[in-house]
Each structure stands twice: as C-alpha cells, then as structure tokens.
Amino acid sequence: MSRLSPYRQLPDDTRLALVTHDLTTNSGSRAAYILRIVQKGGGFRPETLRKWPVAQLAREILRRKLETLQDEIGYLQTLYVEQQPELQIAFCDAAGVRHENGSIPEELEMPLADAAAVARAAGALVAAHGAAGRHYLLTIATYNPEAWPGLAEWLEANPPQ
C-alpha cells in the first residue's frame, strides 16, 4: 500500500482552505484548474466552470484530486510559512537555523543544520506540538531531505505514540 503524501494526510478542511486560498490569491490558478477539470472529462464546459463560486470549484478540485506535486509543495509551504509559521519558527530556532519569521533565506547553504541539531530540534518540536509538529517534520523530510540530515531516520526511529 502506498503512503499518502504529507499534503494528502492533512484533514479535508485544511486542504480545502489551502486550495481556496490559492484560487483567491493566485491569478492563474483558477484557469489552470478549470483546464484540468475539462481535460479529465465528465461533461464540464469551461464556460460553466468559470461561473462557479470559488468554494464550489475548490470542492471539485479536491473531489477529483487535481492537485499536482508542485501544487502540494506550494500549499504546504503556504501552510507552514505563511499561515502557521510557529512550527517552522520553533524548529529553526531549536536547530539553530537563521530565519525571518519562519522564512529561511535562499542563500543559506545545504544542509541547514547538522544531524545532531536536527534530531534535538525534532524531539523538541514533537514534545511541544505533538502530531502537528510530527506532520511538519514529515513534510520537510519528504520534500527537502538534503536540508535536514538524519530527519527521515529520526522519524522512523521515533514513531507516533
């Protein structure tokens, strides 16, 4: 059985909020998703979909699972850097990684911290934030493993309780 991506592991209402946010803040998203819906078939016409309210379009996107890997990464970045930065801030602080309100400067070299700092920070984050902290760690271990050495191994060695 294949494991769900960190994005697909989020509750439906969180994913719906992220897609809705994207549709309302990114000018190209609505047109791109309408094209995906039409290409999938099912009788939808672009003219009809353009008239749908954002909430209805977002529900259809989730129902059909039209989010791409790039969409998922963008949504998780929105979640953990813009909407809920406290997890990234806490992890970066504990690992000794420079950031500005959770946003890590592009010029920092990889890895961002050594394995010992990553392990300490991971333990502190899960102790303080539980399942939400663990999901954040799974996200960065999945999509940016080179930045966080040893994190995947830490997650495997410290399963949820």
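Numbering follows numbering that gives the first Met the number 0, in which position 140 of the sequence shown is assigned residue number 139; successive positions increment by one, without gaps.
Note that beta-carbon positions come from the ideal geometry of N, C-alpha and C, so glycine has one too.
Alpha helix (DSSP H) segment containing residue i, residue limits
i	result
valine 125	114-142
alanine 146	Here alanine 146 belongs to no alpha helix (DSSP H), and DSSP marks it neither H nor E.
histidine 98	Taken as a continuous stretch (DSSP letters only), histidine 98 belongs to no alpha helix (DSSP H), as it is neither H nor E.
isoleucine 33	28-39
arginine 14	11-24
Between the CA atoms of residue j and residue i - distance to the nearest angstrom
i	j	result
glutamine 87	glycine 42	42 Å
leucine 3	arginine 133	15 Å
histidine 98	tryptophan 147	15 Å
tryptophan 51	alanine 151	41 Å
arginine 35	serine 102	31 Å
arginine 119	aspartate 92	11 Å
C-beta contact flag for residue i and residue j at 8 Å
i	j	result
glycine 149	alanine 114	yes
leucine 75	proline 10	no
isoleucine 60	tyrosine 32	yes
leucine 56	leucine 22	yes
Same chain, Cβ closer than 6 Å to residue i, neighbours up to 5 away in sequence not counted
i	result
glutamine 83	none
lysine 64	none
Contacting residues, own chain, Cβ-Cβ under 8 Å from residue i (five flanking each side not counted)
i	result
tyrosine 135	Tyr79, Leu86, Gln87, Phe90, Leu124, His128
alanine 130	Pro159
Below-8 Å beta-carbon distance, residue i vs any chain B residue
i	result
proline 159	You won't find chain B in this structure, because it holds only one protein chain.
Enumerate, from N- to C-terminal direction, the unbroken alpha helix (DSSP H) stretches of 4 or more residues contained entirely within the segment 43-67. You should have 45-50, 53-63.
Which ranges does the alpha helix (DSSP H) cover as unbroken runs of at least 4 residues, wholly within the segment 66-90, from first to last along the chain? The alpha helix (DSSP H) runs lying completely inside the segment 66-90 and spanning 4 residues or more are 68-76, given in chain order.
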